[in-house]
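K.L.:
Dropping the structure in here first, questions after.
There are 2 protein chains.
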Amino acid sequence: MGIIGRLSFKDQAFKLREQAVLDATTRMLASKGFDLMTMDDVAGEAGISKPSLYKHFKSKDELATEVMIRLLDDAQAYLAAQDAALSPLGRLRDLLAWALRVRLSGGLPFLPSTSPQVRGMLTRSLRYVSRAIKLHKTLQGIVEQAKEAGELRAELPADVILYSYYARTCDPAVEYLRVYGKYADEEIIRHMLGVCFEGMADRAGG
Amino acid sequence: MGIIGRLSFKDQAFKLREQAVLDATTRMLASKGFDLMTMDDVAGEAGISKPSLYKHFKSKDELATEVMIRLLDDAQAYLAAQDAALSPLGRLRDLLAWALRVRLSGGLPFLPSTSPQVRGMLTRSLRYVSRAIKLHKTLQGIVEQAKEAGELRAELPADVILYSYYARTCDPAVEYLRVYGKYADEEIIRHMLGVCFEGMADRAGG
DNA sequence: AAAAAATGCTACTACTTAGTAAAAGGTGTT
DNA sequence: AACACCTTTTACTAAGTAGTAGCATTTTTT
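Line order of the protein sequences matches chains B and P. Per numbering that gives the first Met the number 0: the first sequence = residues 0 to 205. Per numbering that gives the first Met the number 0: the second sequence = residues 0 to 205.
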């Protein structure tokens, strides 16, 4: 049992370091973005050396992809653990609030649609794409339920709703409101949800 | 008049080439983004050589900044030429439709909030920032008018409306709807305006 | 037609950064 | 106490790109 015990201990330490690397990468991606983030940055932030970093992830692309995959897994887990009493629209609101809270606490936005190279990198990863599709189908189902329940505007096609919904998770208005608007995080979330679902126009006017 | 005529003619040709360079840069920025765009790309797309390119703009940053400045000037000009019969909300809708139309026809989004380095580059340019502030104040005035006219939801602060409005001009949902949704450009614009101002939620439900 | 001016081209420098090799140093195991 | 393994450090290679110098060429002007 000596060999097995030793290996398992080593593996545990290895996994722990890997999580630290993913956390460090998340912070660096959130602050500098993919292009300005160097592997030396990540290694330094994680407290290990660059060659050690390459023991875990064999390229910068793979590292960033793994970070995004973990994010998708977190989202899927959050959806699975949602309060069963929520209405379909309630679930959508709740998930968006969670995504914005993640971003406001230093995490990443879901859609890294920002840079063409990042998007290309992700779409080349089968593991990422399959998870994205799975999440997309889950949300598609919820949107359909919400429309049937009369909670979402019937005249809007489901894909218009879904893509606009995704876009809200990476909406730059969040950063502007925090930097220039001086709102507290929860106020920002409340306003973002309000604008997203209720719109800007007054119900009487317009 | 020989010398003056010659110089003025040269200047005209110079200006024409400069506009061609700006157009080429706009296309390259829209397709590849700032980081993946090389100066060789721009020179080739504009049909001139790289050293000639540097006769016009002394760095990549300056070139990209000038492109963004021209975009802001276009927006300001569009606002100034708007139909005087439009209501405040009508002006906001009309301007957003114009911005989305520009993007869909191969132009740039207004907010290059995507990459931290691009944002830093722009905020370091006094000429860019002063134009952005001027446009911001103009739109602030229109938003105030719309709120007073009861066209915008009174409970939303003006800055929440404004920053969300800006974010719609660079909303990635546009690209997704074009690529995956297979909508015609004007349908995309109509849906984006609908979601932005009326929201997703049904007025009766929710 | 000849001269002058600008442009284009080729080749170069300087710099950054992804990714790697090899030796030095710990840390726990036996 | 000696050993085996992993990590770190240092230094390097390779590749890409912003920006420039100098020569060849074309066009424009006279």
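Virtual Cβ for every residue (Gly too), placed ideally from N, Cα, C. From a predicted model like this one, the values you see are computed outputs, not experimental measurements.
For chain B, find out if any of its Cβ atoms is closer than 8 angstroms to the Cβ of P:Asp158; answer yes or no.
P.N.:
To locate residue 158 of chain P, count along the second sequence from 1; it is residue 159. At least one chain B Cβ lies under 8 angstroms of P:Asp158.
K.L.:
Within 10 Å of its beta-carbon, does B:Thr25 have 16 or more other beta-carbons around it, so buried, or fewer, so exposed?
P.N.:
Position 26 of the first sequence, counted from the first residue, corresponds to residue 25 of chain B. That one is buried.
K.L.:
P:Gln116 CB to nearest chain B CB: under 8 angstroms?
P.N.:
Residue 116 of chain P sits at position 117 when you count from the first residue of the second sequence. Yes, P:Gln116 lies at the interface with chain B (some Cβ there is under 8 angstroms from its Cβ).
K.L.:
Just the C-alpha distance for P:Ala145 and P:Asp40, rounded to the nearest angstrom, thanks.
P.N.:
For this step, residue 145 of chain P is matched to residue 146 along the second sequence. For this step, residue 40 of chain P is matched to residue 41 along the second sequence. Cα-Cα distance, rounded: 44 angstroms.
K.L.:
What three-state label does DSSP hand P:Ala200 in the structure shown?
P.N.:
In the second sequence, counting from the first residue as 1, residue 200 of chain P sits at position 201. Looking at P:Ala200 - three-state DSSP - the assignment turns out to be strand.
K.L.:
Determine whether the Cβ of B:Phe109 lies closer than 8 angstroms to any Cβ atom of chain P.
P.N.:
Position 110 of the first sequence, counted from the start, is the residue given in the question as residue 109 of chain B. With 8 angstroms as the cut-off, B:Phe109 does not count as an interface residue toward chain P.
K.L.:
Under 7 angstroms, CB to CB, which of the residues in the region 66-86 of chain P have a partner in chain B?
P.N.:
Of all residues in the region 66-86 of chain P, none has a Cβ within less than 7 angstroms of some Cβ in chain B.
K.L.:
Would you verify that the beta carbon of B:Leu94 is, or is not, closer than 8 angstroms to some beta carbon of chain P?
P.N.:
Locating residue 94 of chain B in the first sequence gives position 95, counting from the first residue. Taking Cβ atoms only, chain P never reaches closer than 8 angstroms to B:Leu94, which makes this a no.
K.L.:
At the level of alpha carbons, what is the spacing between P:Ala96 and P:Cys195?
P.N.:
Residue numbering aside, residue 96 of chain P sits at position 97 when the second sequence is read from its first letter. Residue numbering aside, residue 195 of chain P sits at position 196 when the second sequence is read from its first letter. Looking at the two C-alpha atoms, the distance is approximately 11 angstroms.
K.L.:
How would you label P:Arg123, buried or exposed, when you count the other beta carbons within 10 angstroms and need 16 or more for buried?
P.N.:
Mapped onto the second sequence, residue 123 of chain P falls at position 124. Label assigned to P:Arg123: exposed.
K.L.:
Tell me, please, whether the region 84-96 of chain P touches the region 164-180 of chain P by the rule of three or more beta-carbon pairs shorter than 8 angstroms.
P.N.:
Touching, yes, given that three or more Cβ pairs across the two stretches are closer than 8 angstroms.
K.L.:
8 angstroms is my cut-off, CB to CB: does P:Leu36 come that close to chain B?
P.N.:
The residue labelled residue 36 of chain P in the question sits at position 37 within the second sequence. According to the sequence as given, residue 36 of chain P is Met; it is not Leu. It does not; no Cβ of chain B falls within 8 angstroms.
K.L.:
Assuming the contact rule is C-beta atoms closer than 8 angstroms, P:Thr168 and P:Phe109 should be a hit. Round their C-beta distance to whole Å, please.
P.N.:
For this step, residue 168 of chain P is matched to residue 169 along the second sequence. For this step, residue 109 of chain P is matched to residue 110 along the second sequence. About 4 angstroms separates the two Cβ atoms, so the contact holds.
K.L.:
What residue range is occupied by the uninterrupted alpha helix (DSSP H) comprising P:Met120?
P.N.:
Your numbering for residue 120 of chain P matches position 121 in the second sequence. Run containing P:Met120: 115-122, per the alpha helix (DSSP H) assignment.
K.L.:
Pick out the complete alpha helix (DSSP H) segments inside the region 123-180 of chain P, 4 residues or longer, and give them in chain order.
P.N.:
Those alpha helix (DSSP H) runs which fall completely within the region 123-180 of chain P and span 4+ residues are 125-147, 157-168, 172-178.
K.L.:
Mapping DSSP to helix, strand and coil, what is P:Ser224?
P.N.:
Outside the displayed span of chain P (0 to 205) sits residue 224 of chain P, for which this structure offers no information.
K.L.:
For P:Asp184, which residues of its own chain have a beta-carbon under 6 angstroms away from its beta-carbon, when the five flanking residues on both sides are left out?
P.N.:
Against the second sequence, residue 184 of chain P aligns to sequence position 185. Taken in chain order, the residues that qualify are Leu103.
K.L.:
Check whether chain B comes within 8 angstroms of P:Asp201, counting only Cβ atoms and requiring the distance to be less than that.
P.N.:
In the second sequence, residue 201 of chain P corresponds to position 202, counting from 1. True, the Cβ-Cβ gap to chain B drops below 8 angstroms.
K.L.:
Taking P:Glu186 as the reference, which of B:Val159, B:Gly180, B:Leu176, B:His190 has the closest Cα?
P.N.:
As a first step, residue 186 of chain P must be located in the second sequence, where it is residue number 187. Per the Cα distances, B:Val159.
K.L.:
For B:Asp40, is the beta carbon positioned less than 7 angstroms from some heavy atom of the ligand NAD?
P.N.:
What this structure holds is no ligand at all, so the ligand NAD is not there to describe.
K.L.:
For P:Met36, name the three-state secondary structure that DSSP assigns.
P.N.:
Residue 36 of chain P sits at position 37 when you count from the first residue of the second sequence. DSSP places P:Met36 in coil when its eight states are reduced to three.
K.L.:
Counting C-beta neighbours from all protein chains within 10 Å, is the total for P:Leu179 16 or more, i.e. buried, or is it exposed?
P.N.:
The residue given as residue 179 of chain P occupies position 180 in the second sequence. Inspection of the sequence shows that residue 179 of chain P is occupied by Tyr rather than by Leu. Under this definition P:Tyr179 is an exposed residue.
K.L.:
Within 8 angstroms of any Cβ in chain P, is that where the Cβ of B:Leu134 sits?
P.N.:
Residue numbering aside, residue 134 of chain B sits at position 135 when the first sequence is read from its first letter. No, because no Cβ of chain P sits closer than 8 angstroms to the Cβ of B:Leu134.
K.L.:
Under a three-way DSSP split, which group does P:Tyr77 fall into?
P.N.:
Mapped onto the second sequence, residue 77 of chain P falls at position 78. Helix.
K.L.:
For P:Ser163, would you say it is in contact with chain B, using Cβ-to-Cβ distances shorter than 8 angstroms as the test?
P.N.:
Locating residue 163 of chain P in the second sequence gives position 164, counting from the first residue. It does; some Cβ of chain B falls within 8 angstroms.
K.L.:
Using only CA atoms, which one of P:Ala98, P:Ala83, P:Leu15, P:Val117 lies nearest to P:Gly46?
P.N.:
Position 47 of the second sequence, counting from 1, holds the residue named residue 46 of chain P. Nearest C-alpha to P:Gly46: P:Leu15.
K.L.:
Distance check for P:Phe13 and P:Arg5, CA to CA, integer angstroms please.
P.N.:
Here residue 5 of chain P refers to the residue found at position 6 when the second sequence is read from its first residue. Here residue 13 of chain P refers to the residue found at position 14 when the second sequence is read from its first residue. Its pLDDT being 41, under 50, P:Arg5 is placed unreliably by the model, and the measurement read from it follows with that caveat. Distance between the alpha carbons of P:Arg5 and P:Phe13: 12 angstroms.
K.L.:
Quick one: which chain B residues come within Cβ less than 7 angstroms of P:Asp170?
P.N.:
The count along the second sequence starts at 1 and reaches residue 170 of chain P at position 171. The contacting residues are Ala166.
K.L.:
Would you kindly work out how many angstroms separate the C-alpha atoms of B:Asp82 and B:Val101, rounded to a whole number?
P.N.:
Residue 82 of chain B sits at position 83 when you count from the first residue of the first sequence. Residue 101 of chain B sits at position 102 when you count from the first residue of the first sequence. Rounded to whole angstroms, B:Asp82 to B:Val101 spans 19 angstroms at the Cα level.
K.L.:
Suppose you measure from the CA of P:Leu35 to the CA of B:Gln116; what does that come to, to the nearest Å?
P.N.:
Here residue 35 of chain P corresponds to residue number 36 of the second sequence, with the count starting at 1. Here residue 116 of chain B corresponds to residue number 117 of the first sequence, with the count starting at 1. Spanning the two alpha carbons is a distance of roughly 8 angstroms.
K.L.:
Less than 8 angstroms between the beta carbons of B:Leu134 and B:Leu71, yes or no?
P.N.:
For this step, residue 134 of chain B is matched to residue 135 along the first sequence. For this step, residue 71 of chain B is matched to residue 72 along the first sequence. Taking 8 angstroms as the Cβ cut-off, B:Leu134 and B:Leu71 qualify as a contacting pair.
K.L.:
At least one CB of chain B closer than 8 angstroms to the CB of P:Gly242: is that the case?
P.N.:
Because chain P is modelled from 0 through 205, residue 242 of chain P falls outside the range shown and cannot be assessed.
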